[in-house]
Every structure is written in C-alpha cells, then in structure tokens.
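Peer 1: First residue of the sequence shown: 115, per this note's numbering; consecutive thereafter.
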Amino acid sequence: MDSKLPDTGTTIFTIMSALASECGAINLSQGFPSFNPAAELLDLVDRYLRSDANQYAPMAGIPALRRAIAAKVESLYGRAVDADNEVTVCDGATEGLFSAIQATVRPGDEVIVFDPAYDSYEPAVTLAGGHTVHVPLLRSPDSTTFHPDWQRLRDAITSRTRLVMMNFPHNPTGAILSPDDLDRLAEIVRNTDIYVISDEVYEHIVFDGRQHESLLKHPELWERSFIISSFGKTYHATGWKVGYCVAPPVLTTEFRKIHQWVCFAVITPVQHAIADYMELRPGHYTELPEFYEQKRDHFGQLLAGSRFGLTPAAGTFFQILDYSAITDLDDADYARKLTRDIGVASIPVSVFYESPPDQKLLRFCFAKDDAILEEAAERLCRL
Ligand code: PMP
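(1) Can you pull the DSSP bridge partners for L277?
(2) With a CB to CB cut of under 7 Å and the five nearest residues on each side skipped, what residues in its chain are close to E413?
(3) How would you label Y170, buried or exposed, when you count the other beta carbons within 10 angstroms and need 16 or more for buried?
(4) So G397 is in the alpha helix (DSSP H); what residue range does that whole segment cover?
(5) Between P172 and A361, is the Cβ-Cβ spacing less than 8 Å?
(6) Kindly provide the ranges of any alpha helix (DSSP H) runs that are 4 or more residues long and lie completely inside the segment 252–276, ordered along the chain.
(7) Quick check: what's the CA-CA separation for R268 versus T367?
(8) Reducing DSSP to helix, strand and coil, say where I440 ends up.
(9) What is the rounded straight-line gap between the Cα of L296 and the Cα of C137?
(10) Is L299 near the ligand PMP, judged by its Cβ being under 7 Å from some heavy atom?
(11) According to DSSP, which residues form a beta bridge with R477?
(12) Rounded to whole angstroms, what's the CA-CA distance from D442 to T240? Just pull it up for me.
(13) Is it buried or exposed, Q265, if we count other Cβ atoms within 10 angstroms and call 16 or more buried?
(14) Note down, in chain order, each residue of its chain lying with its Cβ closer than 6 Å to the Cβ of F260, except the 5 sequence neighbours on either side.
(15) Which same chain residues, not among the five before or five after G419, have their C-beta less than 6 Å away from its C-beta?
(16) I want to know whether the segment 301–318 touches the segment 445–460 - three or more CB-CB distances under 8 Å.
(17) Can you tell me where the alpha helix (DSSP H) with G346 in it begins and where it stops?
(18) Considering only heavy atoms of the ligand PMP and the C-beta of each residue, which residues fall inside 6 Å, strictly closer?
(19) Measuring only between beta-carbons, confirm whether V203 sits less than 8 Å from chain D.
(20) Taking buried to mean at least 16 other C-beta atoms within 10 Å of its own C-beta, is K501 buried or exposed?
(21) Tell me whether A351 is buried or exposed, calling it buried when 16 or more other Cβ atoms sit within 10 Å of its Cβ.
(22) Give the secondary structure of V380 by DSSP, where H, G and I count as helix, E and B as strand, and everything else as coil.
(23) Within 10 angstroms of its Cβ, does A194 collect 16 or more other Cβ (buried), or is it exposed?
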C-alpha cells in the first residue's frame, strides 16, 4: 500500500518498552508511573462503573468534569473559561493534539516544532497535508538544560506558517518556560494568523518553587491557542487516556468538529470519577511538584557517584543524563546496550530530532517507586 506516513515507524516508546520486557530490564524508558492512582479515585471509578454511568458521554465531555477543569484553570492560571464553549474532554492528550492539528492545518501549511519534539506531532501534521519545520531548542553549555531559541523561531516563520507547537514542561528535556518567554512568543506571532497549540500535559510537575507558565495566563496568546492537558500524568493513570483541550469558543467549535469524528466521546465512568475527585482533592495537583521533586532528587543523588552528567530537570518526570564521559556510541545503540547489558531501559534523545546534534543524551523516567530507582541507579553507577 502507498503509505500516507512513509517515514513513520513504530514509536520509540513501544520499541524500548518491548526490548525492556524481552530483556527483563527495569523500564525507565516509557513515561508511566510504577504506582497506582489514589485509592479514593479508584473507588470512585469503581462506584461509577457499577452505577448508571456506562453509556456514551456527551461529545464535549460530561458537564461536571468540564466545570471542574474550568474551576482549576481559574484558580491556577487566573483565567475564567466557559465550561460549555471553551473546554472539551478528549481521549488523552494524544487525541486532543491530533484534533487541534487537524482543525488548524491545511495542505501546504507549515507547522513549527521545537526539537527534540514529542513524536506524535509530525505525523498529525503530515496527515493534514502540512509540512513540519523543526527549530532546535538551545542547549546550555556544559549542562543538560534546554531553552527555546526565540530568534530561531522568528527566523523560521514564513507566510505559510500556520501553527507553532509548544510543549512546556518539555518532554524529553524537562525544560520549563519563564513569564518572559510567553511575552517573546506573543511578540513573534503578533499581527500574524498563526495559531499555537500548547501541550501542557506536565503542567503540574514543575520544581524548585517555580511556576508553570501556562499559555492560559497570557491574554494575548490565549486568543490564538489550544491548551491541551492530560489526567494521565496528573493522577498516575496514563492508561485511562483522558485529557482535555481548552481554547476560545471559535477554536473550540472547530476542534469539536474533528473530535466528534475521531472518538466522539470519552469513557463515561472515569470522567465522573475524575470530576468528583478534582472537587474533593484539589490538593492532589498542588502537592504533585513536591512528590516528584523528591523522586528527581533521590535519583540524582543516587547517581552522584556515577560517570553520567546531569543537571536536575526543571519539570516533568524525566531526567536527561549525559553519557559522553563513558562511551562514543550513539544514543540509540547505547540505549539498547544498557537495556541488554545492565537491564536499564531509557530513551535515546536523538529520535526526537530531525537533525540530531552531536550530543550523547538519554532520557530516564523517574516516576517509579524508590526501590526501582535505587536498583536502576546502582546498575548505572557500575558503568
Ligand atoms: N504529550 C506529551 C509531551 C507526552 O509526554 C504525552 C505522554 N507521553 C502525551 C502528549 C500524550 O498524553 P496522553 O497519554 O494523555 O495521550
């Protein structure tokens, strides 16, 4: 068959997780927690599953969940959004991203992504007939931290640019934005027809007392943005695939035209359970930074005696390790070798680039029980 996505293979997350399982390795590759959602949340799902909540939900999501999302957005980011016309529950962030891209991109349009870029964006752009333009993030010298290069973004914009994809806190590098960054972005897209999709699935995982700079906070950017998030990351439930899109009414109308024919609606009992839990335990997401910061610090301290270079991640549950002091192997080979030889699976960062720079970086997920992190670190320290 003549493929519509000739350059798209199996995602690296599936490949590395399969290799980890084949080798019986500790899987720090794919980004999912090794622990369960809170018992109270599980009880709520159980209760709704056994009640009368097992038929189709409304296309945009159940009203109670949309209202809970709107309340959270207002309390955290100071933006009052209309739960009826500006919030849509979707089938994980993946569907939200796909639908927002299909809603905006026309054949021949250009979409700018920052490399290393999460790997679901480009295939969605290609299917919409668009062309993905890759702008690398800047790596700080002698560290594993990254930052948008606003001048390069400005230089990449043409009359065909339709969309800029943002993803902060950033997967895979853990980079976050400062308020100044949002002003820079606003300045660049001002007086253009460019839309912004902001993938904020790690919005609640930002460390060292810093704040997440949601595009929802920025009145000018908000007017042209789709903000996508996921309950999977926030509630340790990546397998539930429930996320949402917040966007101004005109954008939401177009988003829903796609969403309704991609999945129509999202699992009903889980929506009810999350809506109740958000109201009962708003503290869950405010306590999440501390929870993951402890894990980040624990993993970092365990690796202090290793030959890996590390700058603590500013956000997300991923830590980038620089192995240039250990070997000259490229990162894809080294990730496979570590999985086979010492039984620790990670993700090679180069796969998220169009043109990978000469750097030796692996991404490790620290959303794991301490015992798992300790065992993995002990093996990594042997190298
Ligand atoms: N965007 C990013 C940056 C992610 O890391 C992930 C999950 N790996 C997603 C989107 C997809 O989220 P979901 O599982 O809710 O579809």
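Ideal Cβ placement from N, Cα and C applies to all residues, glycine included.
Peer 2: To lay it out plainly:
(1) Here the question's residue 277 lines up with position 163 in the sequence shown. Bridge partners of L277: V225 and Y309.
(2) Counting from one through the sequence shown, the residue named residue 413 turns up at place 299. The residue asked about is misnamed: residue 413 is Phe in this sequence, not Glu. Answer for F413: Q433, F480, L487 and A491, listed in chain order.
(3) Mapped onto the sequence shown, residue 170 falls at position 56. Exposed is the call here.
(4) Mapped onto the sequence shown, residue 397 falls at position 283. Its alpha helix (DSSP H) spans residues G397 to L416.
(5) On the sequence shown, position 58 is the one that residue 172 refers to. On the sequence shown, position 247 is the one that residue 361 refers to. Taking 8 Å as the Cβ cut-off, P172 and A361 do not qualify as a contacting pair.
(6) 264–270
(7) What you label residue 268 is simply residue 154 of the sequence shown in a count that begins at 1. What you label residue 367 is simply residue 253 of the sequence shown in a count that begins at 1. The straight-line gap from Cα to Cα measures roughly 29 Å.
(8) As a first step, residue 440 is located in the sequence shown; it is residue number 326 there, counting from the start. In this structure, I440 counts as coil in the three-state DSSP scheme.
(9) Along the sequence shown, read from residue 1 onward, the residue named residue 296 stands at position 182. Along the sequence shown, read from residue 1 onward, the residue named residue 137 stands at position 23. Answer to the nearest angstrom: the Cα atoms are 44 Å apart.
(10) By one-based count along the sequence shown, residue 299 stands at place 185. No, the ligand PMP has no heavy atom inside 7 Å of this Cβ.
(11) Along the sequence shown, one-based indexing puts residue 477 at 363. I434 and I461.
(12) In the sequence shown, counting from the first residue as 1, residue 442 sits at position 328. In the sequence shown, counting from the first residue as 1, residue 240 sits at position 126. Distance between the alpha carbons of D442 and T240: 34 Å.
(13) Looking up residue 265 in the sequence shown gives position 151. So Q265 counts as exposed.
(14) Within the sequence shown, numbered from 1, the residue matching residue 260 stands at position 146. Same-chain partners within the cutoff: L251, R253, T287 and A289.
(15) Within the sequence shown, the letter at position 305 stands for residue 419. The residues are C495.
(16) no
(17) For the purposes of this step, residue 346 is taken as the residue at position 232 of the sequence shown. Counting along the chain, the alpha helix (DSSP H) containing G346 begins and ends at F345 to T348.
(18) G145, G206, A207, T208, Y232, N281, N285, D313, V315, S344, G346, T352, K355 and G357
(19) Given the protein chain composition of this structure (a single chain), no chain D is represented.
(20) Look at the range of the chain in this structure, 115 to 497, and you will see that residue 501 is not part of it.
(21) Counted from its first residue, the sequence shown places residue 351 at position 237. It is buried - the Cβ of A351 has at least 16 other Cβ atoms within 10 Å.
(22) For this step, residue 380 is matched to residue 266 along the sequence shown. Three-state result, V380: coil.
(23) Position 80 of the sequence shown, counted from the start, is the residue given in the question as residue 194. Burial call: exposed.
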